[in-house]
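These notes concern the structure reproduced below.
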Ligand SMILES: Nc1ncnc2c1ncn2[C@@H]1O[C@H](COP(=O)(O)OP(=O)(O)OP(=O)(O)O)[C@@H](O)[C@H]1O
Ligand SMILES: [Mg+2]
């Protein structure tokens, strides 16, 4: 913050604010960065929601007596998976990015760049989404699950016809929270050359005292977060008939 | 037919053992409306959860048309579950699905083809009186309407047995009556066997043909509703049927005390009006009869009348009159000399 104020006073290489060249210059840096951010957030959201939900479902059913007969196997699965999720959630993202390098390399062939950053973000968000999903399911009245099981529904039928549709609005809201978190996390992707708006804010805004760049990235990030949140709220609302 | 033999259910939670069912035997014939009544904690819910396989059985056997369901697993078990429809106290409807979809759910599970489903859903909604609510979501329905959806859903996959656990306990008295009549109606029209769990005697009196009284994880008395009402064997049964009974009220007793004589409670079963017997008593024996109280109710299409009368006269005449009543009507009790 201190640096930010100083940079505003120094006014180094501050071009005419609304001149065409200035806007053009901003655009040439901010637009690709925006695309990078959207790329990272888009992919990591998609895959972390898929895998996180899957793990959340496993966490939920391995501790639910009605859905699945509890035995040593389910209880061990639940404990081990729960532990992994907790570990995943407690490692700071900046460390995780580096720790995940070997895995990232395995998946996209390199551990630097936007794609690699998307993989790291996905790995970071999966445990979070898993817990959100599990707690969403836990919030569903267990009588509804019993009604389904008592009809003779199989486990997949109960998951896809009851568990998910009945909690869909809450799931959507929780996924929105996860996506917004990912937008924040993506700012750190610069560390491994992932680019994106956060990276621009760091490299131009803070390190080169470009207050205009800094503002530009902040405005764009706020806009992206707003769009996702509004879309999430809207989807949650139209799917909620309760 | 459901035949339950020596059923035990023990819950283990946090190392604590709770014996909810302690060797329960009962047989439920097809076509009946079989009521289970008992105080809170008697094990009623545990029993139906064992029958509907939501809970595993600790020991004992449950035969459904000859097949022991405690020995079934996987798809055989799921197939057996389709013989049951469940109606819950708190409805347990899919809140994010329309009434139509809720009723359709068990049929989809049972893989009933779409055109058959559609026809049947319309019939069922008609039956429960919700034809106009087909596209409504449960959140917009009243408690009674939700329970009607619950009943339609329970019937959807053409079950042989419908189990209602406290199905009317969350409803007001008028709605309760309409739901009870609906159950009775369905039982008559479709021949579905109902198992009704309740802690309210009037539910039993209103619709059940058979009743079992549960206490402390066991059935302490069971049989025909009318038999148990008139000739209860256990104190618990007597307590439950108290509301169906009438007792000499205090004022009537005070008035009758002023003259000598015996107070008799006479119970009539069947459609004979009680009056001719009283007339006969007065005509045939040299006694006076005063009526202190009485009521008539209908249970399972059978009229049950209870009359409290006071017979006075010479000791011999009173004795003879009582002996006559004893012979001619279902039950005569001397409740005060
Ligand atoms: N899941 C459970 N874990 C442990 N104990 C249980 C469980 N369910 C029921 N019990 C115990 O089993 C006994 C019988 O309970 P149950 O619910 O069958 O009674 P009920 O007759 O249905 O009572 P109510 O009229 O209150 O519904 C009670 O002592 C109860 O505490
Ligand atoms: Mg109960």
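Protein chains in written order, with my numbering: chain A, 57 to 298; chain B, 196 to 532. By construction, the Cβ of each residue, glycine as well, lies at the ideal position given by its N, Cα and C atoms.
Pairwise C-alpha distance: residue j and residue i
| i | j | result |
| --- | --- | --- |
| residue 178/A | residue 99/A | 8 Å |
| residue 143/A | residue 182/A | 12 Å |
| residue 274/A | residue 166/A | 29 Å |
| residue 67/A | residue 180/A | For residue 67/A, the predicted model reports a pLDDT of 45, less than 50, meaning its position is unreliable and no value from the coordinates is stated. |
| residue 243/B | residue 249/B | 9 Å |
| residue 226/A | residue 270/B | 32 Å |
| residue 146/A | residue 130/A | 24 Å |
| residue 530/B | residue 456/B | 11 Å |
| residue 437/B | residue 199/B | 29 Å |
| residue 303/B | residue 363/B | 27 Å |
| residue 57/A | residue 285/A | With a pLDDT of only 34 at residue 57/A, under the threshold of 50, the placement of this residue in the model should not be trusted; the figure read from the coordinates follows. Computed Cα separation, rounded: 27 Å. |
| residue 291/B | residue 222/A | 6 Å |
| residue 154/A | residue 233/A | 24 Å |
| residue 59/A | residue 262/A | Since pLDDT at residue 59/A reaches only 39, below the 50 mark, its modelled position is unreliable, and the value read off the structure follows with that caveat. Each residue's alpha carbon lies about 7 Å from the other. |
| residue 250/A | residue 157/A | 13 Å |
| residue 223/B | residue 260/B | 10 Å |
| residue 395/B | residue 212/A | 38 Å |
| residue 234/B | residue 400/B | 17 Å |
| residue 525/B | residue 465/B | 9 Å |
| residue 296/A | residue 410/B | 43 Å |
| residue 499/B | residue 490/B | 8 Å |
| residue 323/B | residue 380/B | 10 Å |
| residue 481/B | residue 494/B | 35 Å |
Proximal residues to residue i (C-beta, below 7 Å), its chain only, five neighbours per side dropped
| i | result |
| --- | --- |
| residue 287/A | none |
| residue 601/B | A question about residue 601/B goes unanswered here, because the residues of chain B that appear run from 196 up to 532. |
| residue 171/B | Chain B is shown from 196 up to 532; residue 171/B falls before or after that span and cannot be answered. |
| residue 370/B | 338 and 339 |
| residue 382/B | 228 and 389 |
| residue 460/B | 501, 503, 528 and 530 |
| residue 279/B | 247, 354, 356 and 358 |
| residue 256/A | 85, 86, 89, 269 and 273 |
| residue 341/B | 286, 288 and 333 |
| residue 361/B | 284, 392 and 393 |
Residues near residue i in its chain [Cβ-Cβ closer than 8 Å; skip 5 each side]
| i | result |
| --- | --- |
| residue 214/A | 123, 201, 204 and 205 |
| residue 521/B | 527 |
| residue 263/B | 256 and 257 |
| residue 108/A | 181, 182, 183, 184, 185, 186, 188, 189 and 234 |
| residue 386/B | 225 and 226 |
| residue 193/A | 112, 113, 116, 219 and 223 |
| residue 217/A | 204 and 209 |
Beta-bridge pairing of residue i - partner residues as DSSP gives them
| i | result |
| --- | --- |
| residue 206/B | 213/B |
| residue 527/B | 461/B |
| residue 256/B | 200/B |
| residue 276/B | In the DSSP output, where bridge partners are listed per residue, residue 276/B has none listed. |
| residue 222/B | 198/B |
| residue 262/B | 259/B |
Residues near residue i by beta carbon distance below 6 Å, same chain, minus five either side
| i | result |
| --- | --- |
| residue 398/B | none |
| residue 82/A | 272 |
| residue 291/A | 228 |
| residue 351/B | 298, 301 and 302 |
| residue 433/B | 427 |
| residue 217/B | 412 and 413 |
Listed by chain order, chain A residues near residue i by CB distance under 8 Å
| i | result |
| --- | --- |
| residue 332/B | 297 and 298 |
| residue 249/B | 122, 202, 205 and 206 |
| residue 423/B | Per Cβ cutoff of 8 Å: no residues; residue 423/B is ~30 Å from chain A at best. |
| residue 277/B | 207 and 208 |
Contact set between residue i and chain B, taken where Cβ atoms lie within less than 7 Å
| i | result |
| --- | --- |
| residue 190/A | Near residue 190/A there are no residues of chain B at all, since even the closest Cβ is about 19 Å away, more than 7 Å. |
| residue 210/A | 273 |
| residue 199/A | 283, 285 and 287 |
| residue 224/A | 291 |
| residue 218/A | 289 |
Proximal chain A residues relative to residue i, where beta-carbon distance stays under 7 Å
| i | result |
| --- | --- |
| residue 301/B | 207 |
Residue i: contacting residues in chain B (beta-carbon distance under 8 Å)
| i | result |
| --- | --- |
| residue 195/A | The premise fails here: residue 195/A is roughly 12 Å from chain B at the closest Cβ pair, so nothing lies under 8 Å. |
Chain A residues whose Cβ lies nearer than 9 Å to that of residue i
| i | result |
| --- | --- |
| residue 352/B | 207 and 208 |
Distance cut-off 7 Å: residue i Cβ against heavy atoms of ligand 4
| i | result |
| --- | --- |
| residue 232/A | With respect to ligand 4, the structure shown offers nothing to examine, as its ligands consist of ligand 1 and ligand 2. |
Within chain B, the residues that residue i reaches when beta carbons sit closer than 9 Å
| i | result |
| --- | --- |
| residue 213/A | 303 and 304 |
Could I get the ranges of all uninterrupted alpha helix (DSSP H) runs contained in the stretch 381-442 of chain B, with 4 residues as the minimum, in chain order? 396-402, 420-425 and 430-436
What runs of the alpha helix (DSSP H), each 4 residues or longer, lie entirely inside the stretch 442-466 of chain B? Within the stretch 442-466 of chain B, the runs of alpha helix (DSSP H) that reach at least 4 residues and sit entirely inside it are, in chain order, 445-452.
Where in the stretch 79-116 of chain A do unbroken runs of the beta strand (DSSP E), each at least 3 residues long, occur, reported from the N-terminal end onward? Whole beta strand (DSSP E) segments, 3+ residues: zero.
Please specify which runs of the alpha helix (DSSP H), each continuous and at least 4 residues long, are wholly inside the stretch 191-270 of chain A, giving them in chain order. Here the runs fully enclosed are 198-206, 211-214, 220-241 and 253-256.
Residue ranges of each beta strand (DSSP E) run of no fewer than 3 residues wholly in the stretch 107-161 of chain A, ordered along the chain? none
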